[in-house]
Amino acid sequence: MKTIFKSLLAITVLSLVLSSCGNGGSEKGSQGALSSSAAEKVYVAPGEHDEFYAFVSGGFSGQLAVYGLPSGRLFKVIPVFSVDAEKAYGFNEETKPMLNTSHGFIPWDDSHHPDISQTAGELDGRYVFINGNNTPRIAKIDLTTFETTEIIEIPNSAGNHSSSFVTENTEYVVAGTRFSVPYPQKDMPIDEYKGNFKGALTFIAVDPKDGAMDIKFQIMMPGFNYDLSHPGRGDSHGWFFFTTYNTEEANSLLEVNASQNDKDFIAAINWKKIEEYVNNGGGTKAPAKYAHNVYDEETHAATTTMKDEIVIVNPSDVPGAIYFMPTPKSPHGCDVDPSGEYIVGSGKLAAELTIHSFSKMIKAIDEKKFDGDAYGIPILQYEATLAGSVKQPGLGPLHTEFDGKGNAYTTFFISSEVVKWKLGTWEVIDRKPTYYSVGHLMIPGGNSRKPFGKYVLAMNKITKDRYIPTGPEVTQSAQLYDISGDKMELLLDFPTIGEPHYAAGIPASILEANSKKIFKLEESKHKYVTKSEAEAKVVRDGNEVHIYMTMIRSHFAPDNIEGVQVGDKVYFHVTNLEQDYDVPHGIAMIGANTSELLIMPGQTETFIWEPKQIGVWPFYCTDFCSALHQEMQGYVRVSPK
Ligand code: CUK
Ligand code: CUA
1289 MKTIFKSLLA
1299 ITVLSLVLSS
1309 CGNGGSEKGS
1319 QGALSSSAAE
1329 KVYVAPGEHD
1339 EFYAFVSGGF
1349 SGQLAVYGLP
1359 SGRLFKVIPV
1369 FSVDAEKAYG
1379 FNEETKPMLN
1389 TSHGFIPWDD
1399 SHHPDISQTA
1409 GELDGRYVFI
1419 NGNNTPRIAK
1429 IDLTTFETTE
1439 IIEIPNSAGN
1449 HSSSFVTENT
1459 EYVVAGTRFS
1469 VPYPQKDMPI
1479 DEYKGNFKGA
1489 LTFIAVDPKD
1499 GAMDIKFQIM
1509 MPGFNYDLSH
1519 PGRGDSHGWF
1529 FFTTYNTEEA
1539 NSLLEVNASQ
1549 NDKDFIAAIN
1559 WKKIEEYVNN
1569 GGGTKAPAKY
1579 AHNVYDEETH
1589 AATTTMKDEI
1599 VIVNPSDVPG
1609 AIYFMPTPKS
1619 PHGCDVDPSG
1629 EYIVGSGKLA
1639 AELTIHSFSK
1649 MIKAIDEKKF
1659 DGDAYGIPIL
1669 QYEATLAGSV
1679 KQPGLGPLHT
1689 EFDGKGNAYT
1699 TFFISSEVVK
1709 WKLGTWEVID
1719 RKPTYYSVGH
1729 LMIPGGNSRK
1739 PFGKYVLAMN
1749 KITKDRYIPT
1759 GPEVTQSAQL
1769 YDISGDKMEL
1779 LLDFPTIGEP
1789 HYAAGIPASI
1799 LEANSKKIFK
1809 LEESKHKYVT
1819 KSEAEAKVVR
1829 DGNEVHIYMT
1839 MIRSHFAPDN
1849 IEGVQVGDKV
1859 YFHVTNLEQD
1869 YDVPHGIAMI
1879 GANTSELLIM
1889 PGQTETFIWE
1899 PKQIGVWPFY
1909 CTDFCSALHQ
1919 EMQGYVRVSP
1929 K
């Protein structure tokens, strides 16, 4: 996204400069003019709860942040494609395997698009999925524990961008490649891209019972860039839509190359048809190396399985399953309205929004209204699928969400605004500025058949003068608008962790009921659990020392450990014996090359310490757990070998 918009950014920066000379005062004025009811609308009194959860992607931090709406309060940062010293994710032995890939341990990624699981087209609040762009992965976060419980790597893919959107019964979570790459990967001249690079669209099946992810098939598409995607719903359930750009198949995307074509495509994929084909033994089993990492809630530990094969489907294998709908000027966002009838393509270099009709698309397919084909995939006539367009709505359209009341809201990056327009009549109803350069926006449930159209959250790329400065790097930010009336009303700016790329929102009431409060100690199947103080022990095995340790207010057992030698590899397997809600303990060891461990009641975590020097070395509890927290400590004596 950053690269795509480099030149657009230049225009934006220019317009920012102009606006700060010209009408900076009036902007301030308009902020001052915010109605006093705006404050009331976002005020959540101490002890009161927010109405919505917003899961805001951490973009290049690889995390997922949980905010309350309307307050904008930050509740939790969930590490996904990152290590996190606060939670020891990626540091303790239990969660390290979550970050394994076929390229090794990759403790970072670029996460863009969270999407919440659905049943019958409505948010069910079981999981939130999010993509890692860089080393292509899809993660699943369990919304009973707010922990990352599964990560699957996507082979043959690069820049996993048009992801991770789910079908209306969470049959599939989809991963579309931004970059086309040689398939299979090989050493070849880059300028032989055209016709030789392929774009993989990956359909990951989600088990309806336990939510386990598994790559069902991968479609090897022509070598375009696949930007964003959305599932059909209602009548269009069974289809998936992907925007493409660079249908020229240029190997360098200097704009002159990539935007020659007046129209690129929205690819319409009948995944049900392809699923049936694969279920009947269709497709080619091909070698592919990828990691599948699962965190098991019973053993409280993750394992990595290296997979070596997937099913590849070529578009020509399944005639009638894939079509292209021409869409002007490098369509970026691809959004399907709650009824499933309208597919909005935002040509980011176009002066209008293009809306395709699903029913017209089906009719055009029946009547074979084709305009040739691309690599054997029929291209539908532009006019034949067109439902309408929103004329001159703004500059640089990116993404659209829906309020469930017949209105759509589209972000405009260059003109820095959210524009409200009406489905069916395509008339613009309202527009409000954003501060500044908005990317995505989010309405809770806006990706489902049942949006909760009370608020829209705008996620901005630039904040400039909105906050007190924090050096050259200023905060990232989101803005909340009330959309319950005809006109939008800006209610709140709030800073976020970097980068607030996209978000998924859900009524708090759906999640609160299922939120897990305690891991029951007696149910723990952790390999190194110590269920009582009496079972605490130190076991030597060659040069490995395993300490089975417990913690409870306010001491460790054992707390004085002798018999360790320089050169040993010391495993601390630490169990929190507490069974009261919200009483974690922590542990940290001087000189251990890891983070502290924050251990929830009933859980066991492990870290490794390799003492290099003789002496008596302390460890202590890192989480303020009781009045005697500061007494919660111990020593390890290290003797010469
Ligand atoms: S993409 Cu960047 S604003 Cu990654 Cu969702 Cu459109
Ligand atoms: Cu246990 Cu502080």
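Note that the sequence shown covers residues 1289 to 1929 in the numbering used here.
Ideal Cβ placement from N, Cα and C applies to all residues, glycine included.
Residue i: beta carbon under 7 Å from a heavy atom of the ligand CUK?
i, result
"L1668", "no"
"G1499", "no"
"Y1790", "yes"
"L1686", "yes"
"L1637", "no"
"L1516", "yes"
Please return the same chain residues whose Cβ sits closer than 7 Å to the Cβ of residue i, not counting the five positions on each side in sequence.
i, result
"A1824", "T1818, Y1836, M1837, T1838, A1845 and P1846"
"G1499", "R1414, Y1415 and K1428"
"I1902", "V1854, V1926, S1927 and P1928"
"G1317", "Any reading at G1317 needs caution, since the residue's pLDDT is 40, under 50, leaving its predicted position unreliable; the model's value is listed next. No residues qualify anywhere along the chain."
"I1806", "Q1867, Y1869, P1889 and G1890"
"S1703", "G1682, L1683 and G1684"
"S1812", "H1588, G1890 and T1892"
"I1394", "L1387 and T1423"
I think residue i touches residue j, with their Cβ atoms under 8 Å apart; what is that distance to the nearest whole Å?
i, j, result
"Q1941", "I1598", "Since the first residue of the chain shown is 1289 and the last is 1929, residue 1941 is not available in this structure."
"E1919", "S1842", "6 Å"
"A1342", "L1799", "In fact, because the Cβ distance is near 12 Å, the residues do not count as touching under 8 Å."
"K1577", "D1605", "Incorrect: roughly 23 Å between the Cβ atoms, too far for contact."
"A1766", "F1740", "About 17 Å separates the two Cβ atoms, so there is no contact after all."
"I1439", "N1539", "31 Å between Cβ atoms; not a contact."
"I1418", "L1352", "6 Å"
"K1364", "V1371", "In fact, because the Cβ distance is near 16 Å, the residues do not count as touching under 8 Å."
Classify residue i: buried if its beta carbon has 16 or more other beta carbons within 10 angstroms, exposed otherwise.
i, result
"P1334", "exposed"
"P1402", "buried"
"T1591", "exposed"
"A1589", "buried"
"E1382", "buried"
"P1906", "exposed"
"L1542", "exposed"
"R1737", "buried"
"S1314", "Confidence at S1314 is low in this model, with a pLDDT of 38, below 50, so the placement of that residue is unreliable and no value is reported for it."
"T1882", "buried"
"N1311", "Only weak support is given to the placement of N1311: the predicted model assigns it a pLDDT of 34, under 50, and the question is left unresolved by the model."
"M1476", "exposed"
"S1405", "buried"
"D1571", "In the sequence as presented, Asp is not what sits at residue 1571; that position holds Gly. The residue is buried, with at least 16 neighbouring Cβ atoms inside 10 Å."
"E1761", "exposed"
"E1480", "exposed"
"F1912", "exposed"
"R1828", "exposed"
Can we count residue i as close to the ligand CUA, meaning its CB is less than 7 Å from some heavy atom?
i, result
"F1907", "no"
"D1847", "no"
"C1622", "no"
"D1870", "no"
"S1765", "no"
"M1837", "no"
"S1883", "no"
"F1512", "no"
"H1917", "yes"
"F1895", "no"
"S1323", "no"
"F1912", "yes"
Please return the same chain residues whose Cβ sits closer than 8 Å to the Cβ of residue i, not counting the five positions on each side in sequence.
i, result
"G1727", "M1289, L1686, H1687, T1699, F1701, M1747, N1748, K1749, H1789 and Y1790"
"E1640", "P1616, S1677, V1678, K1679, Q1680 and P1681"
"D1718", "V1707, K1708, D1774, K1775 and M1776"
"N1568", "none"
"R1466", "N1421, A1446, G1447, N1448, H1449, S1450, N1513, Y1514 and D1515"
Skipping 5 residues on each side, what residues in its chain have a beta carbon closer than 6 Å to that of residue i?
i, result
"I1631", "F1529, V1624 and H1644"
"I1442", "P1424, N1448, A1463 and T1490"
"C1309", "At C1309, the pLDDT of 33 sits below 50, so the modelled position is not reliable and the matter cannot be decided from this model."
"K1742", "S1772"
"V1924", "I1849, V1852 and W1905"
At least one CB of chain C closer than 8 Å to the CB of residue i: is that the case?
i, result
"S1524", "The structure shown contains no chain C; it is built from a single protein chain."
- Task: Report the residue ranges of all beta strand (DSSP E) runs contained in full by the region 1719-1790; include only those spanning at least 3 residues, in chain order.
- Result: 1726-1730, 1743-1748, 1764-1770 and 1777-1784
- Length at least 3, wholly inside the region 1561-1625: the beta strand (DSSP E) runs in chain order: 1572-1584, 1589-1601, 1610-1616 and 1619-1624
- Could you pull out every unbroken alpha helix (DSSP H) segment of at least 4 residues lying fully inside the region 1658-1715, listed in chain order? 1670-1673
- Give, in chain order, every unbroken run of the alpha helix (DSSP H) that is at least 4 residues long and sits entirely within the region 1363-1403. Qualifying alpha helix (DSSP H) stretches: none in this window.
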